[in-house]
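Undergrad:
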Amino acid sequence: MKNKVLFTYNYGTDKMEEIKKLGYDIKIINEKDAKYSNDLEDIEILVCYNPFETLDICKMKKLKWIQLSSAGIDQLPIDYIINSSISISNNKGGYSIPMGEWIVLKALELLKHSSKFYENQKNKVWKIDTTVLELFNKTIGFIGTGSIAREAAKRFSGFGVKILGLNTNGRPVDNFHKCFSNKNIDKMLGLCDVVVITIPYTNETHHLINEDKFNKMKNGVYLINVARGSIIDENALVKNISKGKIGGAALDVVEKEPLDINSSLWNFDNVIMTPHNSWISEMRNARRFNLIYENLKRYKSNESLINLVDLNKGY
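Mapped onto the numbering used here, the consecutive letters of the sequence shown carry residue numbers 7 to 321.
(1) Between which residues of its own chain and R304 is the CB-CB distance below 8 Å, once the five residues before and five after are set aside?
(2) Considering just the uninterrupted stretch of the alpha helix (DSSP H) at K122, what are its terminal residues?
(3) So for F220, helix, strand or coil by DSSP?
(4) So, helix, strand or coil for S310, using DSSP?
(5) Can you tell me where the beta strand (DSSP E) with W108 in it begins and where it stops?
(6) Applying the 10 Å Cβ sphere with the 16-neighbour rule, what's the burial state of I154?
(7) On the CB-based measure, 16 or more other CB atoms within 10 Å of its CB, does G78 come out buried or exposed?
(8) Which term fits F220, buried or exposed, when burial requires 16 or more other beta carbons within 10 angstroms of its beta carbon?
(9) Between which two residues does the alpha helix (DSSP H) carrying I25 extend?
(10) Put I87 into one of helix, strand or coil per three-state DSSP.
(11) My guess is that I84 and L317 are in contact by the Cβ rule of under 8 Å, so how many angstroms apart are they, rounded?
(12) Hey, quick one: how far does the alpha helix (DSSP H) through F162 stretch, first residue to last?
(13) What did DSSP end up calling I286 once you bin it into helix, strand or coil?
(14) Could you round the C-beta distance between K10 and D31 to whole angstroms and report it? I think they count as a contact, below 8 Å.
(15) Distance, Cα to Cα, M279 vs L229?
(16) Give the DSSP-derived three-state secondary structure of I215 in the structure shown.
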C-alpha cells in the first residue's frame with residue numbers, strides 16, 4: 007500500500023517521479039491555496055513550508071509526519087502538534103552555506119563602511135573614508151554554534167580573527183577558539199567586536215538581546231542577525247544604535263516582517279538590511295529536495311529521520 011504524501015511545492019516532474027518510485031502516492035497543492043478537503047483525509051505525510059494559516063491540519067486525522075522546507079519551526083501550530091503523535095523534521099543545515107557567506111559579507115561591509123561608498127557612488131561623490139577597519143585580529147562571537155554558525159566560522163578562519171561561540175554547555179566546536187555556556191553569555195559578549203545571532207527562536211530566546219545585554223557589549227560593537235528578529239528587543243536596538251553603543255548592524259530579520267515603513271531602522275546609515283534573503287542561493291531547491299528524498303526513503307524503511315525536531319526544546 008502506498009503512503010500518501012501532500013506537497014505544497016512542486017519540485018518538477020522528474021523529481022516527483024523519483025519520489026513516486028519510492029512507493030508514494032503524491033498530491034500537490036499550492037501552499038497559498040492550501041485548505042482542508044475530503045481528498046486530504048488519508049494524507050500521512052505533509053511536505054511544506056507554511057500552509058498552516060489556511061490548512062487546518064487538525065482535520066487531517068491520519069497525518070503522522072511533517073517535513074518542513076525551513077530550518078525554523080515558529081510557523082507550526084505548536085500547541086496542537088505537541089499534544090499529538092505527529093513527528094516534525096526540518097531543513098536544518100540546508101541553508102547554512104549561503105547564510106554563512108552572508109554573515110562574512112556583512113561583517114566586512116560593516117567594518118569597511120560599504121554602504122557609505124555605495125551611496126557616494128550613486129551620488130557621484132569621490133571621497134576617501136579614513137575610518138574603515140580591518141577584520142584581522144577582531145573577535146567574532148556567535149550566539150549559537152549550529153550549522154549556520156559553523157559554516158560562517160569556517161569562512162572567517164582565513165581572516166585571522168578569534169572566533170567565540172555560545173551554546174548550552176560550552177562544548178567545543180570545530181573552528182571556534184573558545185565556546186561559552188549559555189549562563190556565561192555576558193562574559194562572551196564583553197569580549198566581542200562583532201556579535202552574530204544564529205540561535206533558534208524559542209520562548210527562552212525571545213528578546214534575549216535586550217538593554218541589559220547591550221550594556222554588556224563593547225562600545226562600538228557590530229551586530230549581525232540571521233536568526234529571527236524577535237531574539238532582539240528592537241526598541242533597545244534602535245536606542246543603542248542612536249547613542250552609538252552599536253557601531254553598526256546587519257539585519258536579515260526583524261521583529262515584524264516586512265519592516266514597517268515608519269520604523270526607525272530605515273533611517274540609520276550604519277544599518278544594512280536585507281528582506282530575510284540570506285538563505286537564498288541557486289542551490290537551495292537541490293539541497294532541499296535531497297533532504298526530502300532521503301527522509302522519505304528512510305520513512306519507507308522505518309529508519310530514523312534526519313533533523314527530527316524536539317518541540318519541547320524548540321529545535
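Heads up, the beta-carbon is just placed ideally off N, CA and C, and yes, glycines get one too.
TA: Short version:
(1) S310, L311, I312
(2) 120–128
(3) helix
(4) coil
(5) That residue, W108, is in no beta strand (DSSP E); its alpha helix (DSSP H) goes 102–117.
(6) buried
(7) buried
(8) buried
(9) 19–26
(10) helix
(11) 6 Å
(12) 153–162
(13) coil
(14) 5 Å
(15) 12 Å
(16) strand
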